[in-house]
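Contents: one structure, followed by commentary.
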Ligand SMILES: NC(=O)c1ccc[n+]([C@@H]2O[C@H](COP(=O)([O-])OP(=O)(O)OC[C@H]3O[C@@H](n4cnc5c(N)ncnc54)[C@H](O)[C@@H]3O)[C@@H](O)[C@H]2O)c1
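Numbering (the numbering used here), first residue to last: 70 to 428.
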């Protein structure tokens, strides 16, 4: 039966305006909170997922990556780029799209923009990790790199970690001014935002340090002499072979937590360390299998690269909320022929409906 739930071939399509509207209806802080809850629940199901490191195509300008994952019931993928020089061409550094499919039939349930969604899920993942790893009394964060991802990081740490002072630093001061303006317009009366003249000024006395810069090469945004006991470092911008942010000398002073080790060993800050450099998987901390922070003086480091599970959670979130709020439109990306084998007949009927009827 063509119109049954299972065989309805229509696909929910969300463009970037739809996702913006959805975030407007829910509110970014609530959406981040819901995303963290979904991420936590999905990370706790870690063994149920069929996981693979993403498939990346590298060029001198950047990367295009395909990120698939499945839990046996649903399959998702994201296609995302990272081109740090795009700003000079008036293009975003990171753009993404993805889909949600049913495993039992292969039906394409949803196709969505994932550019806004990547910023949301990355910030939510940073917050999830920091909830487990940062000192609970953390109130001050240094935010180094004030581009597209940074507003979402700031809002996530304000909402979910209780951060009330954020110190901004970017090589381009206008980026920090833009971020400061947006945060002021968000109406967070008790959030203090200060633009700093150096990384050192931003980091001194900070409980949490988030690095989210874009540079196509081995950068040293943070050096070892800036570390302070008890810090949590949320390193987001180093996410490709040959594209890292931290002075490698930092890592031996920290306890490092990662998403999916086979991917992070290749792409994360730990690519600059020995192949057996000790790491802890984030999901094991969330599942109480391994400790996160063990004392107030320990320096913890979340070596974030972005894993497909996070996009799975985000796509599930979008599908549930868009359906609930009737946002998006139904599109036919697969034909709906009466006889599934008669694909050619369906094609003929599209182009010559009268002939097809007569025939
Ligand atoms: N880990 C993840 O899951 C994940 C997800 C999304 C994006 N990213 C990465 O995060 C980074 C930021 O993404 P974006 O979309 O905000 O990029 P963006 O280009 O919008 O912003 C990057 C900012 O970093 C600044 N910058 C570059 N080098 C710097 C330095 N040495 N010190 C201070 N500031 C510096 C730039 O001036 C710019 O304002 C990218 O490298 C991207 O690949 C990671």
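Where a beta carbon is used, it is the ideal one built from N, C-alpha and C, also for glycine.
Own chain residues within Cβ distance below 7 Å of residue i, not counting five before or after
i, result
"residue 251", "220"
"residue 282", "213, 214, 288, 290, 306 and 314"
"residue 296", "319, 322 and 368"
"residue 386", "103, 104 and 107"
"residue 131", "150, 151, 152, 153 and 285"
"residue 162", "151, 152, 153, 155, 156, 216, 217 and 283"
"residue 332", "122, 123, 374 and 376"
"residue 353", "359"
"residue 350", "327 and 330"
Rounded C-alpha distance that separates residue i from residue j
i, j, result
"residue 330", "residue 370", "14 Å"
"residue 302", "residue 230", "14 Å"
"residue 280", "residue 243", "17 Å"
"residue 266", "residue 189", "28 Å"
"residue 213", "residue 414", "58 Å"
"residue 169", "residue 84", "14 Å"
"residue 223", "residue 355", "23 Å"
"residue 111", "residue 398", "27 Å"
"residue 389", "residue 186", "14 Å"
"residue 391", "residue 216", "27 Å"
"residue 423", "residue 416", "13 Å"
"residue 146", "residue 377", "7 Å"
"residue 138", "residue 393", "25 Å"
"residue 241", "residue 207", "27 Å"
"residue 80", "residue 405", "12 Å"
"residue 360", "residue 311", "30 Å"
"residue 172", "residue 114", "17 Å"
"residue 75", "residue 92", "In this prediction, residue 75 scores a pLDDT of 48, lower than 50, which makes its location untrustworthy; the coordinate-derived value is nonetheless stated afterwards. If I take the Cα positions, the gap works out to 29 Å."
"residue 380", "residue 98", "18 Å"
"residue 178", "residue 278", "39 Å"
"residue 209", "residue 233", "6 Å"
"residue 254", "residue 246", "12 Å"
"residue 339", "residue 372", "8 Å"
"residue 136", "residue 164", "13 Å"
"residue 276", "residue 382", "28 Å"
"residue 409", "residue 148", "29 Å"
"residue 335", "residue 411", "46 Å"
"residue 324", "residue 274", "19 Å"
Counterpart residues of residue i in DSSP-defined beta bridges
i, result
"residue 137", "146"
"residue 399", "81"
"residue 313", "287"
"residue 90", "None; residue 90 has no bridge partner."
"residue 128", "Note: residue 128 sits in no beta bridge, so no partner."
"residue 210", "235 and 277"
"residue 303", "279 and 371"
"residue 171", "143"
"residue 326", "349 and 371"
"residue 263", "236"
Buried versus exposed call for residue i [16 or more other C-beta atoms within 10 Å across all chains shown]
i, result
"residue 119", "exposed"
"residue 407", "exposed"
"residue 419", "exposed"
"residue 401", "exposed"
"residue 152", "buried"
"residue 70", "Only weak support is given to the placement of residue 70: the predicted model assigns it a pLDDT of 36, under 50, and the question is left unresolved by the model."
"residue 309", "buried"
"residue 157", "exposed"
"residue 159", "exposed"
"residue 358", "exposed"
"residue 96", "exposed"
"residue 343", "exposed"
"residue 364", "exposed"
Nearest-angstrom Cβ-Cβ length linking residue i and residue j, presumed shorter than 8 Å
i, j, result
"residue 78", "residue 176", "7 Å"
"residue 326", "residue 202", "6 Å"
Residue-level contact to chain B via CB, residue i, 7 Å cutoff
i, result
"residue 321", "Included in the structure is just one protein chain, with no chain B present."
Same chain only: Cβ atoms within 6 Å of residue i, ignoring 5 sequence neighbours per side
i, result
"residue 262", "235, 249 and 252"
"residue 192", "221, 222 and 225"
"residue 144", "170 and 172"
"residue 298", "366"
"residue 126", "133"
"residue 396", "87, 90 and 91"
Residues of its chain near residue i, where Cβ-Cβ distance is below 8 Å and the 5 sequence neighbours each way are ignored
i, result
"residue 196", "101, 105, 225, 226, 228, 229 and 230"
"residue 269", "295"
Distance cut-off 6 Å: residue i Cβ against heavy atoms of ligand 2
i, result
"residue 235", "By its list of ligands, the structure shown excludes ligand 2, since it contains just ligand 1."
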